[in-house]
Amino acid sequence: MNNRNGQTLQYDKENRLITATLGVTTTAYAYNADGQRVKQLITVSGVTTTTLYVGNYYEVTLPTNSVTKYYYFGAQRVAMRNTNGVTYLHGDNLGSTSATSGAQNSKQWYYAFGGVRATEGTLPTDYTYTGQKADSYIKLIQMGARWYDSDLGRFAQPDSIIPNPYNPQNLNRYSYVLNNPIRYTDPTGHCSIDEETGKCEKLDYTYLHVVQGLGFEPSGLEEWSKNDLNYFLGWLRAGVRFTNNTANYMNQCNQGVAWTADALASAREALKLISDYVTSVGGNVMEALGLVGGGTFIINSVAVPTGYAGWHDSANNQINVLISAQDFIGVVIHEAGHAIDYNYGNGGTIGVGGYWSARAREWLGVAGWQNNPGTGWSHSNPVADPGKNNPLENFADVFRGAIRESSNYDQYKQQVDALNAMLAKIQ
Ligand SMILES: [Zn+2]
Numbered sequence: 023m024n025n026r027n028g029q030t031l032q033y034d035k036e037n038r039l040i041t042a043t044l045g046v047t048t049t050a051y052a053y054n055a056d057g058q059r060v061k062q063l064i065t066v067s068g069v070t071t072t073t074l075y076v077g078n079y080y081e082v083t084l085p086t087n088s089v090t091k092y093y094y095f096g097a098q099r100v101a102m103r104n105t106n107g108v109t110y111l112h113g114d115n116l117g118s119t120s121a122t123s124g125a126q127n128s129k130q131w132y133y134a135f136g137g138v139r140a141t142e143g144t145l146p147t148d149y150t151y152t153g154q155k156a157d158s159y160i161k162l163i164q165m166g167a168r169w170y171d172s173d174l175g176r177f178a179q180p181d182s183i184i185p186n187p188y189n190p191q192n193l194n195r196y197s198y199v200l201n202n203p204i205r206y207t208d209p210t211g212h213c214s215i216d217e218e219t220g221k222c223e224k225l226d227y228t229y230l231h232v233v234q235g236l237g238f239e240p241s242g243l244e245e246w247s248k249n250d251l252n253y254f255l256g257w258l259r260a261g262v263r264f265t266n267n268t269a270n271y272m273n274q275c276n277q278g279v280a281w282t283a284d285a286l287a288s289a290r291e292a293l294k295l296i297s298d299y300v301t302s303v304g305g306n307v308m309e310a311l312g313l314v315g316g317g318t319f320i321i322n323s324v325a326v327p328t329g330y331a332g333w334h335d336s337a338n339n340q341i342n343v344l345i346s347a348q349d350f351i352g353v354v355i356h357e358a359g360h361a362i363d364y365n366y367g368n369g370g371t372i373g374v375g376g377y378w379s380a381r382a383r384e385w386l387g388v389a390g391w392q393n394n395p396g397t398g399w400s401h402s403n404p405v406a407d408p409g410k411n412n413p414l415e416n417f418a419d420v421f422r423g424a425i426r427e428s429s430n431y432d433q434y435k436q437q438v439d440a441l442n443a444m445l446a447k448i449q
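In the numbering used here, the protein residues as written are 23 to 449.
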């Protein structure tokens, strides 16, 4: 929303409100790296009042130098001190400041969505509805990352956590606490907290789309930490998709299988390892996984009747992984290795549907390594069986080894060196 009751609202690249202009009044905001407001400038007809914020504890307004301090008992804001003295803050079940006593006495009642229903006296604090900071100039309430409009009962900015592509129709990115303000609050701007259970209901809501698309159990996902969740959502935003479609390969009928929270956590871990490794060797993981320019990288969960723990489908930038694979993380990394090899360009010299990128050869340290065309492709040991070596598989295995099994990596590196020596003799 850029215009609201004649106000012009401007946002920065991270979708944070930076200025609001109404007539002769302009309000500007600055945030720290965590998105917390650290500074507010209110300019009325050219005269500016600046407020600096130190966490939620301390505010100083310039040029008057008036200081407001807040006091907490646990997470609960219980009192404040300003030039008038100490005032005690009393909240309702949602944490809204509903009464004050001590130096300044007041009462305030709210409508369900946060509009002010009635007041007695004047609240000495701008922590109001659900205990969040209201801005009396722009008449919005700051809820973590976003600003909320209590007149409309919705956010002024869309949620930056994008709807899941599987089922976007029910998700309104502006809606507030699932339209149930009696029960939920949203102090972060991304997540509706159930005041009875303390759980983040928005997780379920976001996951609902994943759940509907994939069929995995949301109960397991609730165990994830906030960091894990954010990291996972980051991959979704980047274009990684977790599917469970039926896939065919080599005339085998492969059934899509619902993701479990555990398998999803393993895939997330594999992506982290891949990302760390690709970055550490100077690659760009977005490019490597084919995500630049809005591309998607699909990790498909399947049950394979016989033979394969996973395979790469270059046409769809998709890897298919047997969800019951013993080394699930290793399989994801191996198959992603094929995808990266392919995505980094078919610069190799191998044939017959193979690919072996310049980057892959660089990582293998085998710039002169040639395939033996016509000898067939199989997972094989290039030392024991050099005639049937398959550089695709060796790359994928070396990639996996380099990432998570240094002993395995050493083994393959030895094999690669031995192979190079042999090839040098032949040539
Ligand atoms: Zn492979």
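Note that beta-carbon positions come from the ideal geometry of N, C-alpha and C, so glycine has one too.
What does the Cβ neighbour count give for residue i, buried or exposed, with the cut at 16 atoms within 10 Å?
i	result
N416	buried
G261	buried
V300	buried
G359	buried
G79	Checking the displayed sequence, the identity of residue 79 turns out to be Tyr instead of Gly. By the 10 Å Cβ count, Y79 comes out exposed.
L84	exposed
Q130	buried
N342	buried
A280	exposed
S302	exposed
R155	In the sequence on display, residue 155 carries Lys and not Arg. Buried.
R422	buried
Is residue i helix, strand or coil when you go by DSSP?
i	result
A310	helix
R38	coil
W169	strand
V177	Sequence check: residue 177 is Phe here, not Val. Correct three-state label for F177: strand.
L63	strand
E223	Below a pLDDT of 50, predicted positions are generally treated as unreliable, and E223, at 48, falls in that range; the measurement from the model is reported next regardless. Three-state result, E223: helix.
Q234	With a pLDDT of 40 at Q234, under the threshold of 50, the predicted position of this residue should be treated as unreliable, though the coordinate-derived value follows. In this structure, Q234 counts as helix in the three-state DSSP scheme.
S323	strand
G352	helix
T301	helix
N104	strand
A283	helix
N365	helix
K481	Missing from the structure shown is residue 481; the chain here goes from 23 to 449 and no further.
I160	coil
A331	coil
F135	coil
S118	coil
Consider the C-beta atom of residue i and the heavy atoms of ligand 1; say whether any pair is separated by less than 7 Å.
i	result
A418	yes
E309	no
E36	no
E81	no
E415	yes
Restricting to Cα atoms, I'd like to know which of the options is closest to residue i.
i	options	result
G113	A289, Y132, I351	Y132
A347	G359, H360, V324	V324
G117	V100, T105, S128, T109	V100
Y16	A283, T86, Y110, N87	Outside the modelled stretch of the chain, which goes from 23 to 449, sits residue 16, for which no answer is possible.
A134	G317, R422, R38, T152	T152
G77	I64, D284, Q58, A424	Q58
A424	A140, L295, D335	L295
A178	G332, R103, Y33	Y33
So is the beta-carbon of residue i under 7 Å away from any non-hydrogen atom of ligand 2?
i	result
V314	In terms of ligand content, the structure shown lacks ligand 2 and carries ligand 1 instead.
Quick check: the region 28-43 against the region 160-173, are there 3 or more CB pairs under 8 Å? Contact between the region 28-43 and the region 160-173 is present, because at least three Cβ pairs lie under 8 Å.
For the region 282-301 and the region 347-367, state whether three or more C-beta atom pairs, one from each stretch, are separated by less than 8 Å. By the criterion of at least three beta-carbon pairs nearer than 8 Å, the region 282-301 is in contact with the region 347-367.
When the Cβ atoms of the region 117-130 are set against those of the region 146-153, are three or more pairs found closer than 8 Å? Because the criterion of three Cβ pairs below 8 Å is met, the region 117-130 and the region 146-153 touch.
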